[in-house]
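In case it helps, this note's numbering puts the sequence shown at residues 30 to 151. The beta-carbon is built from N, C-alpha and C at its ideal position, and this holds for glycine as well. Quantities reported herein were computed from a predicted structural model and do not represent experimental measurements. Have a look at the structure below before the remarks.
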Amino acid sequence: MCKHILNAQVAIRSPCCRKWFDCAECHAEQENHSLMQSMEMVFACKKCRKVFRKDAQQFEESDEYCPHCDNHFVIEAKTPQAALSVESDDVRVNNKMLKDERTRQQKLRSIFDPDEEADKLG
Ligand SMILES: [Zn+2]
Ligand SMILES: [Zn+2]
Ligand SMILES: [Zn+2]
30 MCKHILNAQV
40 AIRSPCCRKW
50 FDCAECHAEQ
60 ENHSLMQSME
70 MVFACKKCRK
80 VFRKDAQQFE
90 ESDEYCPHCD
100 NHFVIEAKTP
110 QAALSVESDD
120 VRVNNKMLKD
130 ERTRQQKLRS
140 IFDPDEEADK
150 LG
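In structure tokens form, the structure reads like this:
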């Protein structure tokens, strides 16, 4: 079960190791190689459990739906970070900064996050 995208509608088969993952982060945690990019993506719908293929180069709006059961699988990902945003001081500061002008945000960012990696909360 994916803990990064709480509302995942499909599993994706990685082209490199041909295993099923809910998201790229799951792959990164379970495998020690980087995820291979492929133009042909293989999905498994979590609703009807059928497998289908999509061409990433010709991905249109109608391709956001499972061809078998019409499940809309391209949706805004619900992440644990977003769900916990009220609880975290850091995220609250970041949210407040987003309302300020960009330049100021950049300056504050460099003070709070001297390391680019620090931006990845949680
Ligand atoms: Zn892999
Ligand atoms: Zn995941
Ligand atoms: Zn389906």
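| Asked | Found |
| --- | --- |
| Count the CB pairs spanning the region 59-69 and the region 36-47 that are closer than 8 angstroms, and state whether there are at least three. | yes |
| So what does DSSP say about His33, is it helix, strand or coil? | coil |
| Among the residues of its own chain, which have a CB less than 8 angstroms from the CB of Thr108, if the five just before and after it don't count? | His33, Ile34, Leu35 |
| So Lys79 and His97 are supposed to be a Cβ contact under 8 angstroms. How far apart are they, rounded? | 4 angstroms |
| Heavy atom of ligand 3 less than 6 angstroms from the Cβ of Asn100, yes or no? | yes |
| Exposed or buried, Ala37, counting other C-beta atoms within 10 Å across all chains shown (16 or more means buried)? | buried |
| Measuring CA to CA, which of Cys77, Val71, Cys31 is closest to Phe88? | Val71 |
| At what residues does the beta strand (DSSP E) containing Glu69 begin and finish? | 69-74 |
| Taking just the CA atoms, how far does Asp99 sit from Glu90? | 12 angstroms |
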